[in-house]
Each structure stands twice: as C-alpha cells, then as structure tokens.
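Quick note on this note's numbering: the sequence shown kicks off at 24 and runs consecutively.
Each residue gets a CB set at the ideal place from its N, CA and C atoms; glycine is no exception.
Okay, so here's the structure we're looking at.
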Amino acid sequence: MTEVTMVAVDGDARLELDPELLTALLTGTCAPADRPEHITVRSTPGRVELVFFHATESPCAAASAVSQTCRRAMEAARQLGGWAWASEL
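Shown next, in the form of structure tokens:
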C-alpha cells in the first residue's frame, strides 16, 4: 500500500477532482509491470488523498510503480494541470 496526496496549485481550495474520473485515469495509466490491484481516491476541495494497492514484491517496488503511474497521469491529463504532488514522488 502506498499513500499519495495531491494539492491544488497556489492553494486554490475551490478546485476539486471527481474521484471516479481520477480513479479511471490512474488505472488507465498503470502499466502491467506496476501490478496494480486497487486505487482508492478521496477528494475534497483543494486536496486529494490517493491510496494505491499493488501486488509488488517490496514497498520500494510499490513506491516506484506509484511514482511512474502518477507521472504518466500528470502528462496525459490536462485536468490535472492545476494540481501538484504534496511530496516528492
């Protein structure tokens, strides 16, 4: 399990992401090698909490898979343009 937080750029607390849309986007950008099992998304204005469940061999492999998935999602979706990761991926 790996947890990631996204925050609205410039602290724009009015921004909110649709959890189902974000789940579909993240699932769609997972590579088979990432070995995804489930993604949980909780969205509130200005903040999104993500929990990734993977069938990886180690916590490091899971963190790497999440990092790659999140980077691909940010590159693929303009809807994420107003968002940033709260911590380094």
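The beta-carbon separation of L45 and G69, rounded to 14 Å, does not stay under the 8 Å limit for a contact. A88 places its beta carbon less than 9 Å from that of A56. The criterion of a C-beta distance shorter than 9 Å is satisfied by S66 and L40.
In this structure, V30 is the residue among V64, L49 and V30 with its C-alpha nearest to the C-alpha of A109. Judged by beta-carbon spacing, A99 lies within the 9 Å limit of L48, meaning their Cβ atoms are closer than that value.
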